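These notes concern the structure reproduced below.
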Amino acid sequence: MHSCSVLLYLGLLAGGPLATWTSFLINGVSVCITAAILAEICSALPISGSLYTWAGAAAGPKYGRFVGFIVAWWVAAAWVSIVAVVCEGLINWVFSLFNVFNVDFPGGISNDNIKWRAVLWIASEAFLMLSMAVTYLPARIYGITFRLAAALITFDFLLFIIWLPIGASKTYGLRTGRDALLTTFNGTGAPPGWNWMLSFLFTSSVLTGFDAAGHIAEETKDASAIAARSIFRSAVVTAAGGFITTIVLLFCMPDIVTLLGLDAPQPFVLVYSMALGRGGGTFMTIVGTITGLFSCSVTILAASRLVFAIARDGALPLSGWLSQVSPSGLPRNAATAVYILSALLLCTILPSTTAFTSILSAGTAQLMAAYGLIALLRLTMTPNSFQNTKFPLGRSRKLLYAVSAVMNAILFAVLVSPFTFPVTTATLNFGGVVFAGITIIGVACYLILPDDKWLSNQKMQLMYDGANQPIPEKQ
74 MHSCSVLLYL GLLAGGPLAT WTSFLINGVS VCITAAILAE ICSALPISGS
124 LYTWAGAAAG PKYGRFVGFI VAWWVAAAWV SIVAVVCEGL INWVFSLFNV
174 FNVDFPGGIS NDNIKWRAVL WIASEAFLML SMAVTYLPAR IYGITFRLAA
224 ALITFDFLLF IIWLPIGASK TYGLRTGRDA LLTTFNGTGA PPGWNWMLSF
274 LFTSSVLTGF DAAGHIAEET KDASAIAARS IFRSAVVTAA GGFITTIVLL
324 FCMPDIVTLL GLDAPQPFVL VYSMALGRGG GTFMTIVGTI TGLFSCSVTI
374 LAASRLVFAI ARDGALPLSG WLSQVSPSGL PRNAATAVYI LSALLLCTIL
424 PSTTAFTSIL SAGTAQLMAA YGLIALLRLT MTPNSFQNTK FPLGRSRKLL
474 YAVSAVMNAI LFAVLVSPFT FPVTTATLNF GGVVFAGITI IGVACYLILP
524 DDKWLSNQKM QLMYDGANQP IPEKQ
């Protein structure tokens with residue numbers, strides 16, 4: 074839910090409140106459809122690697138290895154980049170308190186200031202290190218830690234929907250229904266139609282990552298039921314909770330011109346202070362930062378399971394080290410590799426924030442491409458397969474596959490599009506370039522690595538035989 078307040082300004086710039094909540098509703102429905110498709114496959118193939126093994130199986134044994142290579146690179150790069158983006162976003166969030174307390178910074182708090190970017194980079198690296206430390210907690214206290222995290226996230230959500238509206242109503246006042254829900258805005262400079270479509274940048278960035286439960290399927294008891302169910306429930310809870318949070322924020326914020334004129338990296342931190350005072354606003358900001366810390370740790374864990382699964386078959390440099398597990402059976406080395414790669418990505422903050430912000434688009438775009446490709450392959454290559462799943466989609470499956478494939482293609486187009494028009498070198502979105510580069514690497518690895526090195530055709534056939542059985546068509 075915290076990510077809604079961090080990223081909501083993107084939706085407001087692209088179409089305003091009307092586009093923001095309607096796009097969230099549409100995207101929320103499509104996410105639940107995609108999650109149902111992934112749950113169907115996860116139940117039949119509950120193994121580490123999740124998305125790339127599911128994509129390979131969905132393509133069938135003939136093309137499974139080729140598809141698996143490409144999707145493996147997409148999702149591994151996506152999850153590693155998401156770790157870096159979460160760290161930078163949360164530091165921007167907490168650093169907005171500088172503006173609340175009128176702290177002067179040499180050269181100003183602006184991404185154009187190299188001194189500010191250096192401080193942002195150092196703090197982001199420190200936050201990443203702290204998030205990584207959480208993943209090194211003993212396995213026996215994982216359950217307690219993440220139950221506490223879940224309680225804190227629930228508390229944060231309750232603050233959003235109860236305390237913030239009360240505070241806003243007693244200070245500058247809640248917005249009317251018309252102002253909060255029916256006004257439009259064009260802050261991107263794009264043509265009106267595409268400006269509206271760009272609001273999906275906000276929604277797709279919030280409504281992603283629900284496949285994480287599948288990454289740890291091999292560590293889950295009765296994974297064919299529990300992991301698959303968790304994927305779908307995660308999508309439903311994120312969509313419902315995110316939609317409620319978005320609506321509340323639209324009623325509690327000042328008008329768009331005032332909001333976007335607030336001088337802070339994250340304007341909603343100032344909104345908290347306007348509604349709740351400095352003390353209350355600071356408290357909400359800190360609570361959100363702590364919940365973000367646990368979210369980042371979970372993201373590292375999810376990414377490490379992907380890296381471990383790929384390295385386990387010897388497809389990466391240092392595969393022997395990456396595929397080692399701790400005495401408790403956890404892939405610590407893979408998590409360390411995720412940390413190192415994310416730390417390197419954070420270094421791109423120093424020369425320019427343009428390249429770094431493109432990482433957000435590229436990471437999310439790669440996940441949308443993977444989700445959409447799986448749906449497309451289920452529609453065109455294996456529509457009557459995976460009968461041994463515990464979550465069959467029934468007669469409506471082909472319609473659901475088609476809807477998911479089309480919607481994820483639209484989201485992908487939005488994510489690789491420039492966000493500010495007219496386009497200049499300073500506003501160019503390099504997400505498409507990054508996506509193309511990762512795809513080329515995946516194709517190259519497919520061509521270079523021999524069949525017996527990784528994702529062999531024999532292994533793909535075994536997976537296909539184990540999970541795919543014809544679903545008889547009902548007359």
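The sequence shown lines up with residues 74 to 548 when you count with the numbering used here.
All C-beta atoms in this analysis are idealised placements derived from N, C-alpha and C, irrespective of residue type, glycine included.
Remember, predicted model here, so these are calculated numbers, not experimental data.
The alpha helix (DSSP H) enclosing residue i, as first and last residue numbers
i, result
"residue 489", "Counting along the chain, residue 489 falls outside any alpha helix (DSSP H), and DSSP gives it neither H nor E."
"residue 511", "504-521"
"residue 132", "124-132"
"residue 160", "137-168"
"residue 369", "340-385"
"residue 497", "First-last for residue 497: undefined, no H or E at that position."
"residue 568", "The chain is shown from 74 up to 548; residue 568 falls before or after that span and cannot be answered."
"residue 424", "Here residue 424 belongs to no alpha helix (DSSP H), and DSSP marks it neither H nor E."
"residue 268", "265-270"
"residue 253", "250-254"
"residue 393", "392-395"
"residue 276", "273-279"
Proximity below 8 Å, CB of residue i to CB of residue j
i, j, result
"residue 26", "residue 168", "Because the chain is modelled from 74 through 548, residue 26 falls outside the range shown and cannot be assessed."
"residue 424", "residue 300", "no"
"residue 225", "residue 218", "no"
"residue 416", "residue 348", "no"
"residue 312", "residue 101", "yes"
"residue 450", "residue 191", "no"
"residue 258", "residue 85", "yes"
"residue 280", "residue 315", "yes"
"residue 104", "residue 162", "no"
"residue 375", "residue 146", "no"
"residue 96", "residue 276", "yes"
"residue 456", "residue 471", "yes"
"residue 150", "residue 511", "yes"
"residue 94", "residue 254", "yes"
"residue 492", "residue 261", "yes"
"residue 114", "residue 476", "no"
"residue 172", "residue 187", "no"
"residue 307", "residue 207", "no"
As assigned by DSSP and simplified to three states, the class of residue i
i, result
"residue 544", "Annotation note: pLDDT 42 at residue 544 (below 50); position unreliable, coordinate value reported separately. Coil."
"residue 87", "strand"
"residue 457", "coil"
"residue 76", "helix"
"residue 93", "helix"
"residue 184", "coil"
"residue 482", "helix"
"residue 259", "strand"
"residue 525", "coil"
"residue 401", "coil"
"residue 120", "coil"
"residue 103", "helix"
"residue 208", "helix"
"residue 331", "helix"
"residue 82", "helix"
"residue 174", "coil"
"residue 221", "helix"
"residue 316", "helix"
"residue 202", "helix"
"residue 445", "helix"
"residue 463", "coil"
"residue 229", "helix"
"residue 452", "helix"
"residue 337", "coil"
"residue 322", "helix"
"residue 246", "coil"
beta-carbon residue i near the ligand GDP non-hydrogen atom, thresh 7 Å
i, result
"residue 158", "Looking for the ligand GDP in the displayed structure turns up nothing, as the structure carries no ligands at all."
Rounded Cβ spacing between residue i and residue j (contact assumed at less than 8 Å)
i, j, result
"residue 338", "residue 502", "Going by Cβ atoms, the distance from residue 338 to residue 502 rounds to 20 Å, so no, they are not a contact pair."
"residue 385", "residue 401", "About 17 Å; that fails the 8 Å criterion."
"residue 466", "residue 304", "Not really, about 13 Å apart at Cβ, beyond 8 Å."
"residue 123", "residue 463", "In fact, because the Cβ distance is near 16 Å, the residues do not count as touching under 8 Å."
"residue 435", "residue 485", "Not really, about 11 Å apart at Cβ, beyond 8 Å."
"residue 318", "residue 233", "5 Å"
"residue 342", "residue 170", "6 Å"
"residue 557", "residue 237", "Outside the displayed range of the chain (74 to 548) lies residue 557, so it cannot be described from this structure."
"residue 245", "residue 327", "6 Å"
Beta carbon proximity, residue i to chain B, threshold 8 Å
i, result
"residue 429", "Absence of chain B from the displayed structure is noted, only one protein chain being present."
task: Evaluate contact between the region 152-160 and the region 186-205, counting only Cβ atoms and requiring at least three cross-stretch pairs below 8 Å.
output: yes
Stretch-stretch touch, CB-based, cutoff 8 Å, three pairs: the region 469-481 with the region 433-445: yes
query: On the three-pair Cβ rule with 8 Å, is the region 486-506 touching the region 135-144?
result: no
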